[in-house]
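These notes concern the structure reproduced below.
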Amino acid sequence: MKTVGTLPRGSIDLALLYAAHDAFRRDLERLAAAVAAGKARAPHVREGWENLKEQLHLHHEVEDAELWPRVRRALGGRRAELAVLKQTTAEHARLEPLVVAVDAALEDGVDLAGAVDRLRTELDVQLRHEEVSALPLVRSALSAEEWTAFAEAVRQRCEKGTQVLIPWIVDGIAPIERSRFLTALPMTVRELNRISWEPRYRKLRLWTV
Ligand SMILES: [Fe+2]
């Protein structure tokens, strides 16, 4: 496997997108638990939230700028499928004000539990819609060449973020899922994660109180 920078070519596939979805759900569960325990303003909880926002932003950027346009072109005039993509992009946009509302509630303390719950509910609906309707279109619509072009574009966008993305995804997941996810990565990435990225990520102690 040829390596460029930190992320080897060919290492990006749908498993990474699905795994990131699970990590979003996990982190919002952590945020909701911290709110319920009155610990939402603990420094590592706030850092966990800041990282969650960054990961969400990067994920949406990759999908909206690199993935859906390629799938849209590949679909040609298939209107039902194109409508699914349009809805997915609209759902991304609807999440933005809910993220801002959580930020505001963290500052002023007004209805923080409600703000977190609204984001969690809307995000879950959006993720499920993507998993059931949009991501399967990627596999069916993109050719191997288009997929390679997408992977290359993602590799360039995520160059720095990979060092947090990989340990963040496997943070606290079941051993079998962790092993499945890491084993699917190229050896170079797995080793970098084991030796450097994950130890550094653990020191951040995101979400601990
Ligand atoms: Fe997604």
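Residue numbering for the sequence shown follows UniProt numbering, starting at 1 and increasing by one per position. Glycine residues also receive a C-beta, built at the ideal position from the N, C-alpha and C atoms. Source: prediction; values computed, not measured.
Those residues having their beta-carbon less than 7 Å away from any non-hydrogen atom of ligand 1 are, in chain order, L17, A20, H21, H59, E63, L127, E130.
Within its own chain, no residue has a Cβ closer than 6 Å to the Cβ of H129 once the five positions on either side in sequence are excluded. Boundaries of the alpha helix (DSSP H) around V189: 187-192.
The C-beta distance from I169 to W197 rounds to 11 Å, too long to meet the 8 Å contact threshold. If you ignore the 5 residues before and after E47, its C-beta comes within less than 6 Å of the C-beta of L206, all in its own chain and listed in chain order. Inclusion of E146 and A74 in the CB contact set at 8 Å is warranted, their separation being smaller than that value. Of the candidates T188, E177, G172, G172 places its Cα closest to the Cα of R30. Less than 8 Å separates the beta-carbon of L127 from that of H21.
Measuring C-alpha to C-alpha distances from L142 to each of R72, P43, R41, L16 identifies R72 as the nearest.
Within the UniProt domain "Hemerythrin-like" (15-136), the runs of alpha helix (DSSP H) that reach at least 4 residues and sit entirely inside it are, in chain order, 43-61, 68-75, 79-108, 112-129.
By the Cβ neighbour-count rule, V125 is exposed, with fewer than 16 other Cβ atoms within 10 Å of its own. For E146, the enclosing alpha helix (DSSP H) stretches over residues 144-157. Excluding five sequence positions before and after G161, the CB atoms of its chain that fall closer than 6 Å to its own CB belong to L58, given in chain order. Shown here for V84: same chain residues with a beta carbon closer than 6 Å to its own, the five before and five after excluded, namely S133, A134 in chain order. The beta carbon of F181 is closer than 8 Å to those of A15, A19, I169, V170, I173 in its chain, skipping five residues each way along the sequence. Distance between P69 and R139, taken at the CA atoms: about 14 Å. In terms of Cβ geometry, V45 and A34 form a close pair [threshold 8 Å]. Burial check for D111: the Cβ neighbour count within 10 Å stays below 16, so the residue is exposed. At the C-beta level, A40 and L123 stay beyond 8 Å of one another. Ranking E91, D117, T88 by CA distance to the CA of A101 puts D117 first.
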